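For the record, in the sequence shown the residue sitting at position 171 is 193 according to this note's numbering, with numbers rising by one throughout.
Take a look at the structure below.
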Amino acid sequence: MAGLVGDIGGTWARFAVVEPDGTIGRVAVRPCAECPGLAEALADYVAGEGMAAPPRRAAISVACPVAGDRVSLTNHPWSFSIEELRDRFGFESLSVVNDFAAVARAVPRLRAGDFMQIGGGGPVSNAAMAVLGPGTGLGVSGLVPTGDGGWAVIEGEGGHATMAATTPRETRVLAELGRTFGHVSAERVLSGPGLVNLHAALCRLDGEPPDPQMSPRDIVSAGLERHAPRPREALRLAAAMLGTFAADVALTLGARGGVYIGGGLVPRYAHPFGQSGFRHRFEDKGRFSDYLAAIPTYVVLHEYPALLGLASLVGPRQVPR
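Shown next, in the form of structure tokens:
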């Protein structure tokens, strides 16, 4: 084995080994809530795979900023020290990166069938690419060509940028959410919990009490079956507002190489998403509508893109190409 990789989100922890050829295998997924911390979850994975000791090289992605030794997840109570984790497991090297920086590293490694195109033309070679997606939070990253055939990965927290409204209904929804949250970031509406927030705001605006038991899965199911007006509108708004946000990211990065959408929500419903208002809103940018109309948008279908991206940090190739 060349190494060990782990993708730690707000809900799920995913682990795998990286083979000498750079492929990933022996994937295991478990809820974060089942373990008190990352070290315990990692120890369970190593024991469950029958390893006498873990590989010497490891890479972990986390759904939060990485700005020092202490790492604290944004949407889950786990917190850990990188140095203590390295010492406990005897890692020769341990890389810890943002989760969507890991997904971005996977993009150059995706193969045909690992993604589905929704609108736009062909990607411009050697142009920047944007990577984003809603899950428990809203991840944002990007890839910028380095000029030598490689890519520089952007590691940021764009999901916490302020969400913009485009229609009067969206203005009222964001104002309603502002009464609860103060600052309404994109993540407050474009995520699993954000879908619940959208649904609750719509109910309140229409004079109905929100159902506190409604989960993101409940809202998606009811909205796709088209038998419940509020879940249906919540899905419609989420897709359109994701189009607005994705276009903002594409304009900011000049992402003529394409916009890739991953995360825990959109890939599960890729085909209904493709029929949504996402692409129309993505291109609805006034003087820059033609610029955006040429940019392809893709839904990432690979089951474990963050693990695939992390493999580049412990496998044969250290920089994604």
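Using N, Cα and C, we set each Cβ at its ideal position, and we do this for glycine too.
Predicted model only: the values in this text are computed from it and were never measured.
Under DSSP, residue 59 forms no beta bridge with any residue. Counting of Cβ neighbours within 10 angstroms places residue 319 among the buried residues, the total reaching 16 or more. In this structure, the straight-line span from the alpha carbon of residue 167 to that of residue 123 is close to 15 Å.
Judged by beta-carbon spacing, residue 52 lies within the 8 Å limit of residue 35, meaning their Cβ atoms are closer than that value. Boundaries of the alpha helix (DSSP H) around residue 217: 214-227. In the assembly as shown, residue 295 is a buried residue. Its beta-carbon has 16 or more other beta-carbons within 10 Å.
For residue 113, no beta strand (DSSP E) segment is defined, and its DSSP state is neither H nor E. Listed in chain order, the beta strand (DSSP E) runs fully inside the segment 117-158 are 137-139, 151-156, counting runs of at least 3 residues. Contact between the segment 65-83 and the segment 41-56 is established, with three or more Cβ pairs separated by less than 8 Å. Assignment of beta-bridge partners to residue 29 by DSSP yields 36, 83.
Distance from the CA atom of residue 56 to the CA atom of residue 101, rounded to whole angstroms, is 15 Å.
If you draw a straight line from the Cα of residue 23 to the Cα of residue 138, it is about 31 Å long. For residue 320, DSSP records a beta bridge to 139, 282.
Under the three-state reduction of DSSP output, residue 165 falls in the strand class.
Distance from the Cα of residue 60 is smallest, within the candidate group 104, 39, 176, for 104.
Contact check between the segment 123-135 and the segment 297-306: fewer than three CB pairs, one atom from each, fall below 8 Å, which does not count as touching. Contact between the segment 207-220 and the segment 154-166 is present, with at least three C-beta pairs closer than 8 Å.
Across the structure, residue 297 and residue 140 are spaced so that their CA atoms are roughly 9 Å apart. Following the DSSP letters along the chain, one finds residue 47 inside the beta strand (DSSP E) bounded by residues 46-53. When the Cα atoms are used, residue 142 and residue 149 turn out to be separated by approximately 15 Å. Scanning 311, 31, 218, 38 for the CA closest to the CA of residue 95 turns up 31.
When secondary structure is reduced to three states using DSSP, residue 207 falls in the strand class. Sorting 292, 80, 75 by C-alpha distance to the C-alpha of residue 29 places 80 at the top.
Using a Cβ distance threshold of 8 Å, residue 179 and residue 87 count as a contacting pair.
For residue 243, there is no enclosing beta strand (DSSP E); the enclosing alpha helix (DSSP H) has its first and last residue at 238-247. Three or more Cβ pairs closer than 8 Å define a contact, and the segment 192-204 meets that threshold against the segment 221-239.
Note that the C-beta distance between residue 253 and residue 244 is below 8 Å. For residue 92, the enclosing beta strand (DSSP E) begins and ends at 92-94. Taking 8 Å as the cut-off, the beta carbon of residue 136 is found no closer than this to the beta carbon of residue 271.
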